Amino acid sequence: MKFADNNNQFVVFELNGEEYGIDILRVKTIEKMTNITRVPKTAPYIKGVINLRGEIVPIIDLREKFNLEKKENDDNTRIIIVYVDDIEVGLIVDSASKVMDIKSDMIEAPPESLGNSEQSNIYGIGKLDDKVITLLDIEKMLTA
Amino acid sequence: MDINQYLEIFIEEAQDHLQHLNQNLLELESNPDDNDILNEIFRSAHTLKGMAGTMGFDSMMNLTHNMENILDAVRKGTLSISSGILDVLFECLDFLEDSVNYISETGKENEKSIEPLKKKLLNLMSNSINESDQPQSNDKNMDDFKFNQYDENVITQALAQGMKVYKIEVILSEGCMLKSARAFVVFKTLEKYAEIFKSLPAIEDIEDEKFDRSFKIALITNEDKEKIEKDLKNISEIQDIKIEQYKEIATVQNTSKTEVAATVEVSEDHDESEESHAKKNKVGKTVRVDINRLDNLMNLVSELIIIKTRLEGIDSDSRDQNMSEAVEYLERITTNLHDAVMKVRMVPIERVFNRFPRMVRDLSRELNKEVNLIISGEETELDRTVIDEIGDPLIHLIRNAIDHGIESKSERENSNKDTAGNIYLRAYQDGNSVVIEVEDDGKGINIDKIKKKALDNKLITQSEADGLSDKDATELIFHPGFSTADVISDISGRGVGLDVVKTKIESLGGTVEVESYKGKGSKFIIRLPLTLAIIQALLVTVGSEKYAIPLNSIKEIISIEKDKIRDIQGQEVILYRNSVLPILRLAEKLDVKDYNEDENELTVVVVKKGDKFSGFIVESLIGQQEIVIKSLGKYLAGIKNIAGATILGDGQVALIVDTNSMI
Numbered sequence: 003m004k005f006a007d008n009n010n011q012f013v014v015f016e017l018n019g020e021e022y023g024i025d026i027l028r029v030k031t032i033e034k035m036t037n038i039t040r041v042p043k044t045a046p047y048i049k050g051v052i053n054l055r056g057e058i059v060p061i062i063d064l065r066e067k068f069n070l071e072k073k074e075n076d077d078n079t080r081i082i083i084v085y086v087d088d089i090e091v092g093l094i095v096d097s098a099s100k101v102m103d104i105k106s107d108m109i110e111a112p113p114e115s116l117g118n119s120e121q122s123n124i125y126g127i128g129k130l131d132d133k134v135i136t137l138l139d140i141e142k143m144l145t146a
Numbered sequence: 010m011d012i013n014q015y016l017e018i019f020i021e022e023a024q025d026h027l028q029h030l031n032q033n034l035l036e037l038e039s040n041p042d043d044n045d046i047l048n049e050i051f052r053s054a055h056t057l058k059g060m061a062g063t064m065g066f067d068s069m070m071n072l073t074h075n076m077e078n079i080l081d082a083v084r085k086g087t088l089s090i091s092s093g094i095l096d097v098l099f100e101c102l103d104f105l106e107d108s109v110n111y112i113s114e115t116g117k118e119n120e121k122s123i124e125p126l127k128k129k130l131l132n133l134m135s136n137s138i139n140e141s142d143q144p145q146s147n148d149k150n151m152d153d154f155k156f157n158q159y160d161e162n163v164i165t166q167a168l169a170q171g172m173k174v175y176k177i178e179v180i181l182s183e184g185c186m187l188k189s190a191r192a193f194v195v196f197k198t199l200e201k202y203a204e205i206f207k208s209l210p211a212i213e214d215i216e217d218e219k220f221d222r223s224f225k226i227a228l229i230t231n232e233d234k235e236k237i238e239k240d241l242k243n244i245s246e247i248q249d250i251k252i253e254q255y256k257e258i259a260t261v262q263n264t265s266k267t268e269v270a271a272t273v274e275v276s277e278d279h280d281e282s283e284e285s286h287a288k289k290n291k292v293g294k295t296v297r298v299d300i301n302r303l304d305n306l307m308n309l310v311s312e313l314i315i316i317k318t319r320l321e322g323i324d325s326d327s328r329d330q331n332m333s334e335a336v337e338y339l340e341r342i343t344t345n346l347h348d349a350v351m352k353v354r355m356v357p358i359e360r361v362f363n364r365f366p367r368m369v370r371d372l373s374r375e376l377n378k379e380v381n382l383i384i385s386g387e388e389t390e391l392d393r394t395v396i397d398e399i400g401d402p403l404i405h406l407i408r409n410a411i412d413h414g415i416e417s418k419s420e421r422e423n424s425n426k427d428t429a430g431n432i433y434l435r436a437y438q439d440g441n442s443v444v445i446e447v448e449d450d451g452k453g454i455n456i457d458k459i460k461k462k463a464l465d466n467k468l469i470t471q472s473e474a475d476g477l478s479d480k481d482a483t484e485l486i487f488h489p490g491f492s493t494a495d496v497i498s499d500i501s502g503r504g505v506g507l508d509v510v511k512t513k514i515e516s517l518g519g520t521v522e523v524e525s526y527k528g529k530g531s532k533f534i535i536r537l538p539l540t541l542a543i544i545q546a547l548l549v550t551v552g553s554e555k556y557a558i559p560l561n562s563i564k565e566i567i568s569i570e571k572d573k574i575r576d577i578q579g580q581e582v583i584l585y586r587n588s589v590l591p592i593l594r595l596a597e598k599l600d601v602k603d604y605n606e607d608e609n610e611l612t613v614v615v616v617k618k619g620d621k622f623s624g625f626i627v628e629s630l631i632g633q634q635e636i637v638i639k640s641l642g643k644y645l646a647g648i649k650n651i652a653g654a655t656i657l658g659d660g661q662v663a664l665i666v667d668t669n670s671m672i
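Chain order of the listed sequences is A and B.
Add 2 to a position in the first sequence, counting from 1, and you land on the number used in my numbering.
Add 9 to a position in the second sequence, counting from 1, and you land on the number used in my numbering.
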């Protein structure tokens, strides 16, 4: 995954009290929770599809994908629509509100102690002030 | 220059030109004397050469240049069209097609050498020189100018002003080295007192020495014939001059002293070329659009339709009259818009049919069979997505027809048939679907041979074979791994034939049937939906979920009592119209959790796949609706039992059930 040098902006969202970031160039829009149509015979973390202004977009529940405990959707729940080439997917997250600049020298490789399945989706750990932000590798997540 | 941005355009246009060349060469083969076709071919080749040159594809340019030389020789009459020439030209086209494909894949030019082809072309050329040593009918060479409207006006005006119009043929002496220089002198001499308005070949070609020993010019002058003759005779290396004076337009049209019949022919030709011109103009007024943009447009339209449905749904009591009128108007417009966009996506099936004449020609030669391909209904339109996919199955069927269907010449003679076999390729619209037929008048399908083959391949058992009706036996040819050709040929018979055809057509939402009469031929009938983007569907509910079932696969809807369901070896069935109908629960197939089955009455949708039927139990019916099919996207590709999704009037997504994969 490549980041433009001068544009290290990340959309930061919250999941189970932790902060995660996605390269802003991978984010199409951020939507409020809407009706999801279940699609049978798919992985459990695929919640189904939504109608995004006339396009059908599959929805992934990130909590389930990362094996975190389930949580009811509330007013803060957001769907972040991300894309890689012509694949488009929505990610359900607890809340999403800000965009942050994280310089590349503030990004560390993911620690090895993290679980394997999770690690493969992580691009690195961003440090900002005293916060730690897990940066997701959307490309790997969608194409793997 | 960054050529990449032009690469796509180049490839598309090159393919168009090649297609064109192929078609015209075929036509030329049947009318070798038609100059219009020849000119057309020449133009295409010339454009292709120019395009390839601009893009820096040198061997393409080189080859087309050599082709052009041959064509030019033919045009001048020094070379006459023979199948030998055509074969080489076709070979060149194949090479060019390969090159274009290679370029489209890699962006680079194929490094295959053009030398062998070039040599062949040169051989043809040198043959032609030998031929031209023999005295040839000058009349043909004297082929006259074709004056267009403008030229005629010029001539009429000149004559009206008392000026003289001459046609001059200048023949250079045999050993003349600098032909274009001589021609230049001729032009210069005449231009002192005359206006040259036409020359054959065109001035550019004369400059390039693209002419034999003679060229013709037409000019307007005040001077006498004698003066011109004298002046021209003074130029060295000129062997002979023929000057003819035009008195009026009528004679202009009929200059050479041929019979009246020839004149009629000329004018007919003229009409024809004008017609083809008009046709071309029509074709010319098109815009190439990326299919994705059309899809996008289609999306927006479907969205508009959805929002329109929502507007309509607003309680009519709470609307005032103005609002109602506006909504009605909106509805009319969206319907029209929808139709218009759908039409934009439609492409005449000609695009696919175009390549078949050439294929049939080559194949029949290879197999030493005589085959006529008779195409009809090529103007029938189909959705672009279908057009792109239908080519391969059709190729398969036509190959099969030539290889297995049409008999060899001697066989045909023995059975009192014309030695030339016929293959009919027809397309026509039938209601909401398009039918494509591939019919041959060959030997038909040999039922016994099929049964034997099926037995050998262990597709059926002996008792099954005995019980099979002829029709069912014929259907066996669609079975995977079936091939009846005794000798496996290059053309067909690899055993991956008709089942692939069938699968492909079914994936397009179509069906394929076969009719065969022993000794008389067989007919494959393909039925395809008009469009893949919008279909009629039945909306049903299962639990709290809504699903759409394509209407074209539904036979009927029945309601049954639950206790009529029988269990035969673990499969639930009911007796339906005196036959056993397997019953499936949609809820089970789709893992619907909140499904509650009624204790008494069940609604069953009877779905057909080929000639098999199955009943699907659904919870309730919502109704029939036109739906826009949308793909679930790449991320969810390959999901079982679901063919796609659609957006309902309320903005909800409903999945489209793929009943074919469940039966």
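Think of the CB as a built atom: it goes at the ideal place given N, C-alpha and C, for glycine as much as any other residue.
These figures come from a predicted structure and were not determined experimentally.
In whole angstroms, what separates the C-alpha of glutamate 635 of chain B from that of isoleucine 558 of chain B?
Glutamate 635 of chain B and isoleucine 558 of chain B: Cα-Cα distance of roughly 11 Å.
Could one say the Cβ of threonine 44 of chain A lies closer than 8 Å to chain B's Cβ atoms, at least one of them?
Chain B places a beta carbon closer than 8 Å to that of threonine 44 of chain A, counting this residue as a contact.
What residues from the stretch 576-600 of chain B come within 7 Å of chain A, judged by C-beta to C-beta, listed N to C?
Within the stretch 576-600 of chain B, the qualifying residues are Leu599, Asp600.
Is any beta-carbon of chain A found at less than 8 Å from that of glutamate 17 of chain B?
The Cβ of glutamate 17 of chain B sits no closer than 8 Å to any Cβ of chain A.
Closest to isoleucine 672 of chain B by CA distance: which of B/Lys480, B/Asp576, B/Ile656, B/Ile592 is it?
Ranking the options by Cα distance to isoleucine 672 of chain B, first place goes to B/Ile592.
How would you label leucine 664 of chain B, buried or exposed, when you count the other beta carbons within 10 angstroms and need 16 or more for buried?
Within 10 angstroms of the beta-carbon of leucine 664 of chain B lie 16 or more other beta-carbons, which makes it buried.
Would you say aspartate 499 of chain B lies against chain A (beta-carbon separation less than 8 Å)?
Residue placement at aspartate 499 of chain B cannot be trusted, given a pLDDT of 45 that sits under 50; what the coordinates show is reported in the next sentence. Chain A places no beta carbon closer than 8 Å to that of aspartate 499 of chain B, leaving this residue out of the contacts.
Could you give the DSSP three-state label for threonine 470 of chain B: helix, strand or coil?
Here threonine 470 of chain B sits in coil by DSSP.
Starting from isoleucine 52 of chain A, find everything on chain B with Cβ-Cβ shorter than 8 Å and list it in chain order.
What isoleucine 52 of chain A touches in chain B: Val662.
So, for glutamate 390 of chain B: in the same chain, excluding its five sequence neighbours on each side, which residues have a beta-carbon less than 6 Å away from its beta-carbon?
By the criterion of a C-beta distance shorter than 6 Å, glutamate 390 of chain B is surrounded in its chain by Met355, Pro357, once the five residues flanking it on both sides are discounted.
Which term fits isoleucine 673 of chain B, buried or exposed, when burial requires 16 or more other beta carbons within 10 angstroms of its beta carbon?
Residue 673 of chain B lies beyond the range of chain B shown here (10 to 672); nothing can be said about it.
According to DSSP, simplified to helix, strand and coil, what is asparagine 147 of chain B?
A caution first: asparagine 147 of chain B carries a pLDDT of 39, below 50, which makes its placement in the model too unreliable to give a value.
In terms of residue numbering, what span does the beta strand (DSSP E) encompassing glutamate 524 of chain B cover?
520-526 is the extent of the beta strand (DSSP E) around glutamate 524 of chain B.
How about aspartate 139 of chain A: is its C-beta nearer than 8 Å to some C-beta of chain B?
No - not a single Cβ of chain B is within 8 Å of the one on aspartate 139 of chain A.
Measure the alpha-carbon distance for arginine 297 of chain B versus glutamate 183 of chain B and round it to whole angstroms.
When rounded, the separation of the alpha-carbon atoms in arginine 297 of chain B and glutamate 183 of chain B is 51 Å.
Report all residues from its chain with a CB closer than 8 Å to the CB of glycine 660 of chain B; omit the five preceding and five following residues, and keep chain order.
Cβ within range, chain order: Ile315, Arg319.
Please return the same chain residues whose Cβ sits closer than 7 Å to the Cβ of leucine 30 of chain B, not counting the five positions on each side in sequence.
Correct list, in chain order: Ile50, Ser53, Ala54, Leu102.
Quick check: what's the CA-CA separation for glycine 762 of chain B versus serine 472 of chain B?
As shown, chain B starts at 10 and ends at 672. That puts residue 762 of chain B outside it, with no answer to give.
Can you give me the Cβ contacts of valine 582 of chain B inside the same chain, cut-off strictly under 7 Å, excluding the 5 residues immediately before and after it?
Excluding residues up to 5 positions away in sequence, Arg575, Val589, Leu590, Pro591, Ile592 lie with their Cβ nearer than 7 Å to the Cβ of valine 582 of chain B in the same chain.
Name the residue from B/Tyr437, B/Lys378, B/Ser189, B/Glu422 whose alpha carbon lies nearest to the alpha carbon of arginine 408 of chain B.
Ranking the options by Cα distance to arginine 408 of chain B, first place goes to B/Lys378.
For valine 444 of chain B, name the three-state secondary structure that DSSP assigns.
Under the three-state reduction of DSSP, valine 444 of chain B is assigned to strand.
Can you confirm whether isoleucine 20 of chain B, when its beta carbon is compared against all beta carbons of chain A, has any partner nearer than 8 Å?
So no, isoleucine 20 of chain B is outside the interface.
Is there a C-beta anywhere in chain B that falls below 8 Å from the one on methionine 143 of chain A?
So, not an interface residue.
Start-to-end residues for the beta strand (DSSP E) that takes in asparagine 53 of chain A:
Here the beta strand (DSSP E) through asparagine 53 of chain A covers 48-54.
Just curious, the alpha helix (DSSP H) that threonine 115 of chain B is in, first and last residue?
Following the DSSP letters along the chain, one finds threonine 115 of chain B inside the alpha helix (DSSP H) bounded by residues 92-115.
Taking only the alpha-carbon atoms, compute the straight-line gap between tyrosine 526 of chain B and glycine 414 of chain B and give it to the nearest angstrom.
Cα to Cα, the separation comes out at about 11 Å.
With DSSP collapsed to three states, give me the class of asparagine 431 of chain B.
Residue state, collapsed to three classes: strand.
Does the beta carbon of glutamate 312 of chain B come closer than 8 Å to any beta carbon on chain A?
Output row for glutamate 312 of chain B: interface = yes.
Would you grab the beta carbon distance between leucine 54 of chain A and isoleucine 83 of chain A for me? Rounded to a whole angstrom, and I think it's under 8 Å.
That pair is a contact at about 7 Å.
Determine the burial state of valine 14 of chain A: buried for a count of at least 16 other Cβ atoms within 10 Å of its Cβ, exposed for fewer.
With 16 or more other Cβ atoms from the protein chains shown falling within 10 Å of its own Cβ, valine 14 of chain A counts as buried.
Indicate the three-state DSSP secondary structure (helix, strand or coil) for phenylalanine 625 of chain B in the structure shown.
In this structure, DSSP gives phenylalanine 625 of chain B an extended state, which the three-state scheme calls strand.
Same chain, Cβ closer than 7 Å to leucine 144 of chain A, neighbours up to 5 away in sequence not counted:
Contacts found: Val86, Ile89, Val91.
Counting Cβ pairs closer than 8 Å, one from the stretch 473-484 of chain B and one from the stretch 435-443 of chain B, do we hit at least three?
The count of Cβ pairs closer than 8 Å, one atom from the stretch 473-484 of chain B and one from the stretch 435-443 of chain B, stays below three, leaving the stretches out of contact.
Span of the alpha helix (DSSP H), counted from its first residue to its last, around isoleucine 407 of chain B:
Membership of isoleucine 407 of chain B in the alpha helix (DSSP H) is indicated by the continuous run 393-409.
State yes or no: is the beta carbon of lysine 643 of chain B nearer than 8 Å to at least one beta carbon in chain A?
Using a Cβ-Cβ cut-off of 8 Å, lysine 643 of chain B counts as an interface residue toward chain A, since at least one Cβ of chain A sits closer than that to its own.
Shortest alpha-carbon distance to serine 245 of chain B belongs to which of B/Thr198, B/Glu216, B/Arg586?
If you compare the alpha carbons of B/Thr198, B/Glu216, B/Arg586 with that of serine 245 of chain B, the shortest gap goes to B/Thr198.
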